[in-house]
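For what it's worth, the UniProt record's numbering labels the leading residue of the sequence shown as 1, then goes sequentially. The block underneath contains the structure these notes are about, expressed in structure tokens.
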Amino acid sequence: MASSFDKYQKRKLISSYISVVISIALVLFLLGCLGLLVINSKKVADHFKEQVVMTIYLNDTAKEVEVNQLKKSLAMADYSKEATYVSKEEAAEMMKAETGEDFMDFVGYNPLKNSIDVYLKADFVTTEKLSEISESLSTKSFIEEIKYDNDLVELMNDNVKKISFWVLIISGLFTLIAVLLINSSIRLAVYSKRFIIKTMQMVGATKSFIRKPFVWKSVQLGIIGAIVALAGMAVVLYYLDQYFPELELLRNTVMIAGLFVGVFVLGVIITWISTFIATQRFLNLKTDQLYY
């Protein structure tokens with residue numbers, strides 16, 4: 001009978017430990033994924049900004065030397081990520097491929113202009129910066145026109161600011177929720193042993209002596225939960241990098257390593273503090289209060 005009861009208690013204890021580990025792992029995993037989003041939010045925003053194209057249309061009378069000098073200066077410019085020359089013939093072929101018709105059969109000649117498509121670095125994709133660059137290039141006599149989608153740039157920058165603000169707010173709230181959830185799981189685990197705590201205290205054990213095994217066990221569970229969470233984060237990061245290689249998610253290894261260490265340390269610290277507070281609470285209770 002006693003053996004059967006002991007087995008039951010052991011199974012119940014193991015089940016309690018597993019539930020705590022799962023709770024810690026899930027919360028830390030979600031928190032870590034949110035951390036990955038925060039770390040890479042600027043990189044994602046920059047990726048979309050750098051798709052904005054400034055097109056420089058050239059006069060037909062532009063000399064080859066002038067065009068080559070312009071291409072070299074654009075390639076070396078601080079604001080330029082990439083500059084691609086598109087001849088009027090290439091532009092006609094691209095339009096033909098897009099529309100499925102050869103417009104020159106109707107017009108009789110090629111009305112398009114030679115151009116240079118400039119892909120700007122993310123920091124320069126603002127209305128003010130684009131205006132400054134455009135004014136600077138417009139001084140060259142062989143440049144006929146400079147075009148870019150200013151409305152798209154304004155909309156993109158406004159949305160990036162709004163998204164960044166809400167990501168920070170959600171991150172703060174989620175961190176608080178994570179702490180509360182882990183704390184709740186730990187408190188429930190300690191609550192099931194409240195009579196053991198009080199019995200040890202009644203036979204003369206000191207508070208630190210009683211608290212120590214509970215804290216150490218919870219820290220062990222926190223470490224296991226953190227390792228499970230980190231494994232899940234690594235899998236998510238790997239597949240995101242496979243599907244979106246242009247974002248170069250694994251390039252910033254220092255930030256990612258810092259996030260992984262942060263999640264691991266957070267799991268240990270939260271479990272340690274939660275267990276300390278929970279055991280202290282039951283140590284301070286009177287015997288008759290343990291039943292409520």
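The C-beta atom is built at its ideal place from N, Cα and C for all residues, glycine as well.
- Judged by DSSP secondary structure, Thr84 falls within the beta strand (DSSP E) whose first and last residues are 80-86.
- Pairing Phe29 with Glu128, the inter-Cα distance amounts to about 41 Å.
- For the 8 Å CB-CB criterion, Ile24 and Gly225 form a contact.
- For Tyr148, no beta strand (DSSP E) run applies, since DSSP gives it neither H nor E.
- In this structure, Leu259 lies away from Leu26, with their beta-carbon atoms at least 8 Å apart.
- Rounded to whole angstroms, the gap between the alpha carbons of Ile196 and Ile177 is 30 Å.
- 8 Å or more divides the Cβ of Tyr119 from the Cβ of Lys162.
- The C-beta of Tyr239 has fewer than 16 other C-beta atoms within 10 Å across all chains shown, which makes the residue exposed.
- Leaving aside the five residues that flank Asn114 on each side, the residues in its chain whose CB is nearer than 6 Å to its CB run, in chain order, Leu58, Ser87, Lys88.
- DSSP lists Tyr57, Val86 as the beta-bridge partner residues of Ser115.
- Counting C-beta pairs closer than 8 Å gives fewer than three between the segment 167-174 and the segment 146-156, which falls short of the contact rule.
- By the neighbour-count criterion, in which a residue is buried when 16 or more other Cβ atoms sit within 10 angstroms of its Cβ, Val254 is exposed.
- Residue nearest to Lys217 within the set Tyr79, Lys121, Ile273 is Ile273 (criterion: CA-CA distance).
- Taking Asn157 as the centre and dropping the five residues before and after it, the same chain places the C-beta of Thr126 closer than 7 Å to its C-beta, in chain order.
- The continuous stretches of alpha helix (DSSP H) do not include Arg251, and DSSP gives it neither H nor E.
- Val190 sits buried, since 16 or more C-beta atoms from the chains shown fall within 10 Å of its C-beta.
- Going by DSSP, Glu50 is part of no alpha helix (DSSP H) at all; its letter is neither H nor E.
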